[in-house]
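Novice: Protein chains in written order, with this note's numbering: chain A, 100 to 243; chain B, 100 to 243.
Number of protein chains: 2
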Amino acid sequence: MSNGADEKQIQTLIERWCAAVRDKDIEAIMAYYAPDIVAFDAIIALQFRGAEAYRKHWEFCLGMCEGAMLFETHQLVVHADGAVAFAHWLNKCGGTDDKGEVKSSWMRASAGYRKTADGWKAVHEHFSAPFDMASGKALFELQP
Amino acid sequence: MSNGADEKQIQTLIERWCAAVRDKDIEAIMAYYAPDIVAFDAIIALQFRGAEAYRKHWEFCLGMCEGAMLFETHQLVVHADGAVAFAHWLNKCGGTDDKGEVKSSWMRASAGYRKTADGWKAVHEHFSAPFDMASGKALFELQP
Chain A
100 MSNGADEKQI QTLIERWCAA VRDKDIEAIM AYYAPDIVAF DAIIALQFRG AEAYRKHWEF
160 CLGMCEGAML FETHQLVVHA DGAVAFAHWL NKCGGTDDKG EVKSSWMRAS AGYRKTADGW
220 KAVHEHFSAP FDMASGKALF ELQP
Chain B
100 MSNGADEKQI QTLIERWCAA VRDKDIEAIM AYYAPDIVAF DAIIALQFRG AEAYRKHWEF
160 CLGMCEGAML FETHQLVVHA DGAVAFAHWL NKCGGTDDKG EVKSSWMRAS AGYRKTADGW
220 KAVHEHFSAP FDMASGKALF ELQP
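#1: Is the Cβ of residue 95/A closer than 7 Å to any Cβ of chain B?
#2: Assuming contact is defined by CB atoms lying nearer than 7 Å, are residue 183/A and residue 137/B in contact in what I supplied?
#3: Hey, is residue 173/A's beta-carbon within less than 7 Å of any beta-carbon in chain B?
#4: Is the CB of residue 187/B under 7 Å away from at least one CB in chain A?
#5: Give every residue of the same chain whose Cβ lies closer than 8 Å to the Cβ of residue 133/A, excluding the five residues on either side of it in the sequence, and list them in chain order.
#6: Are the C-beta atoms of residue 159/A and some chain B residue less than 7 Å apart?
#7: Can you pull the chain A residues whose beta carbon is under 8 Å from the beta carbon of residue 139/B, in chain order?
#8: Between which two residues does the beta strand (DSSP E) carrying residue 230/A extend?
#9: Can you give me the C-alpha to C-alpha distance between residue 232/A and residue 142/B, rounded to a whole angstrom?
#10: Take every Cβ of the segment 109–125 of chain B, pair it with every Cβ of the segment 195–204 of chain B, and state whether three or more of those distances are shorter than 8 Å.
#11: Which full runs of the beta strand (DSSP E) of 3+ residues lie inside the segment 154–241 of chain B, going along the chain?
#12: Return the CA-CA distance between residue 201/A and residue 161/A, expressed in angstroms with no decimal places.
#13: For the alpha helix (DSSP H) that residue 113/A lies in, which residues bound it at each end?
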């Protein structure tokens with residue numbers, strides 16, 4: 100790791116962004132991204148290009164979630180040097196169903212950052228679940 | 100882009116690696132990775148940790164593919180500075196079926212790199228297809 104201070108900053112940025120997701124705070128969620136974000140999300144589309152398109156997708160996603168939300172980073176690794184950084188982690192995602200039971204699954208997350216006048220901003224994001232080759236279905240039961 | 104020469108090097112590295120995949124050349128495929136690669140592949144498992152585990156997975160994948168293989172980068176973007184870089188692209192994957200027809204689909208790819216004494220090496224890789232929320236099925240028909 101070539102720059103511990105930047106890596107620590109990005110770790111803090113990611114943790115704050117996760118808290119914003121749990122709070123369903125769309126402004127705080129979007130403040131994390133650069134205007135030219137290229138996002139590969141786990142669902143629906145191959146990619147979302149630009150903050151405006153991705154904001155609409157986030158609004159759709161937040162609209163689907165009722166009740167308390169689980170959104171946690173595990174096994175986070177950050178690499179940073181100069182004005183470029185990337186991170187990867189396993190993201191525990193879930194929520195409480197109508198019987199009050201917590202349901203969760205693991206997603207994989209990767210992100211790329213650039214240092215700007217306004218601090219580090221995410222210019223790339225990739226969330227996914229792996230799929231089973233025989234059924235073509237996403238594998239939601241896998242454990243790290 | 101802060102360092103065009105490094106970004107060009109990584110672009111060349113990725114193109115060579117894609118050629119190695121098309122050639123099913125396991126040694127050339129593995130030369131692209133650092134020993135401590137953390138890979139989130141599109142299928143089967145949440146993650147593969149370390150070159151030994153990922154090599155076994157690659158051997159399994161190459162063993163499944165008969166005939167000519169399609170493996171191409173599109174919309175490639177590289178960010179590099181100092182000893183850290185990342186890239187993302189859409190990867191056209193496919194092959195020729197037993198009727199001689201070419202079948203392909205689009206995957207999303209992200210990768211993280213570190214500059215080593217042996218040149219740039221991939222320390223992180225993420226391949227995926229997005230899934231449909233209603234069916235839980237991977238979406239193989241999406242077009243960029």
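Every residue, glycine too, gets a C-beta built ideally from N, C-alpha and C.
Specialist: Put simply:
#1: Examination of residue 95/A is not possible in this model, given that chain A is present from 100 through 243 alone.
#2: As a position in the first sequence, residue 183/A is number 84, starting the count at 1. As a position in the second sequence, residue 137/B is number 38, starting the count at 1. No, the pair does not count as a contact, with Cβ atoms beyond the cut-off.
#3: Locating residue 173/A in the first sequence gives position 74, counting from the first residue. Output row for residue 173/A: interface = no.
#4: Numbered from its first residue, the second sequence carries residue 187/B at position 88. Closer than 7 Å to some Cβ of chain A, the Cβ of residue 187/B qualifies, so yes.
#5: Within the first sequence, numbered from 1, the residue matching residue 133/A stands at position 34. Same-chain partners within the cutoff: 150, 213, 215, 220, 221, 222.
#6: Here residue 159/A refers to the residue found at position 60 of the first sequence. Judged by the 7 Å Cβ criterion, residue 159/A is not in contact with chain B.
#7: Translated into the one-based positions of the second sequence, residue 139/B becomes position 40. Going along chain A in sequence order, the residues near residue 139/B (Cβ under 8 Å) are 187, 207, 209, 227, 229.
#8: In the first sequence, the residue the question calls residue 230/A occupies position 131. Run containing residue 230/A: none; DSSP gives neither H nor E here.
#9: Here residue 232/A is taken as the residue at index 133 of the first sequence, counted from 1. Here residue 142/B is taken as the residue at index 43 of the second sequence, counted from 1. About 7 Å.
#10: no
#11: 168–180, 183–195, 201–215, 218–227
#12: If you number the first sequence from 1, residue 201/A lands on position 102. If you number the first sequence from 1, residue 161/A lands on position 62. In a straight line, the C-alpha of residue 201/A is about 17 Å away from that of residue 161/A.
#13: Indexing the first sequence from 1 puts residue 113/A at position 14. It spans 103–121 - the alpha helix (DSSP H) in which residue 113/A sits, taken as one unbroken run.
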